[in-house]
Amino acid sequence: MGTVRYPTSEELESRREEIIASIGRSERDLRAAGESGTISGDEYEALSELDVIGFLLGEDKVEVA
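This is the structure in structure tokens:
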């Protein structure tokens, strides 16, 4: 059987920062664009990964104002 790896909170936060830096806009802006349907495929993938990270960190879904 394979090894299951559990990332630390610090690793998840670091990955979140990497994703946001690679997209070049804030998470809030990215989520707002996602709500309006104006994101690229790469941005959609980034948003999906940010959702997974938030889930693993036990966060509620971010509301876009």
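3 is the number of the first residue of the sequence shown in our numbering; add one for each residue after it. By construction, the Cβ of each residue, glycine as well, lies at the ideal position given by its N, Cα and C atoms.
Measure the C-alpha to C-alpha separation of Glu13 and Thr5 and round it to an integer number of angstroms. Residue mapping note: residue 13 aligns to position 11 of the sequence shown, counting from 1. Residue mapping note: residue 5 aligns to position 3 of the sequence shown, counting from 1. Straight-line Cα distance between these residues: approximately 18 Å.
Selected residue, minimal CA-CA separation from Asp53, among Ser38, Thr40, Ile22: The count along the sequence shown starts at 1 and reaches residue 53 at position 51. That would be Ile22, whose Cα lies nearest to the Cα of Asp53.
Tell me the DSSP secondary structure of Tyr46 in three-state form. Here the question's residue 46 lines up with position 44 in the sequence shown. Of the three classes helix, strand and coil, the one that applies to Tyr46 here is helix, per DSSP.
Spatial neighbours of Leu49 in its chain, beta-carbon cut-off 8 Å, leaving aside the 5 residues before and after: Locating residue 49 in the sequence shown gives position 47, where the first residue counts as 1. Once the five neighbours on either side are set aside, the close Cβ partners of Leu49 are Leu32, Arg33, Gly36, Ile41.
Three-state secondary structure assigned by DSSP to Leu52: Residue numbering aside, residue 52 sits at position 50 when the sequence shown is read from its first letter. In this structure, Leu52 counts as helix in the three-state DSSP scheme.
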